[in-house]
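Student: The sequence shown begins at 1 in the UniProt record's numbering and counts up one residue at a time.
Ideal Cβ placement from N, Cα and C applies to all residues, glycine included.
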Amino acid sequence: MTGFRRGVRLGVDVGKARIGVARCDPDGMLAVPVETVPRDDRSIARLVELSTEHEPLEFVVGLPLNMRGEDTPSTTDAREFAARLAAAQSAPVRLVDERLSTVSAHGALRQSGRSQKASRSIVDQVAAVVLLQHAIDSEKRTGAAAGSPAGLPEE
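The structure is reproduced here in structure tokens:
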């Protein structure tokens, strides 16, 4: 765990209708689901409340690039959402490539015996778990925080 920054992180999977939220323990051993937040005028306020409750070292927001690593309309939406979240509270916000996190979440739920219909209410949380665990594992492997700060140009 050389270079791993100890502290709780909140993972955020931004969707058009819902936002999945996950958290990890301070040692980054395990990411777990927290809740699904409706995507509406109160979304940012609810994430600020979760920040107050969990006191994260940072937020990790999924950046939905296409398979070639290019921006899509969803990428622009995630960047704008992350910038608003960063402006609304004090914890840093990082954007992390989330390609296939929702696909992985659906696969994991199918393997556990849940139908897609039965999984609808939690798939966003599971996607947030997948992206947060990816960010944690990346930082532990490389010693550098995953992704890039929200609101700044990609490196």
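#1: By Cβ distance below 8 angstroms, which residues in the same chain neighbour D137 in space, the five residues on each side in sequence not counted?
#2: Helix, strand or coil for E53, going by three-state DSSP, please let me know.
#3: Which one or two residues does DSSP pair with V130 in a beta bridge?
#4: In angstroms with no decimal places, state the Cα-to-Cα distance between A127 and P64.
#5: If we call anything under 8 angstroms between Cβ atoms a contact, is G147 one with D97?
#6: For T36 and Q125, which I take to be in contact (beta-carbon distance under 8 angstroms), what is that distance rounded to the nearest angstrom?
#7: Suppose contacts are defined by Cβ-Cβ distances below 8 angstroms. Is A31 in contact with G3 by that definition?
#8: Are at least three pairs of beta-carbons, each pair with one atom in the region 66 to 80 and one in the region 37 to 56, less than 8 angstroms apart?
#9: Where M1 and A91 are concerned, what is the direct C-alpha to C-alpha distance, given to the nearest angstrom?
Tutor: With the structure as the only source:
#1: none
#2: helix
#3: Its beta-bridge partners do not exist; DSSP assigns none.
#4: 12 angstroms
#5: yes
#6: 6 angstroms
#7: no
#8: no
#9: For M1, the pLDDT reaches just 46, beneath the cut-off of 50, and the residue's location in the model is therefore unreliable, leaving the point undetermined.
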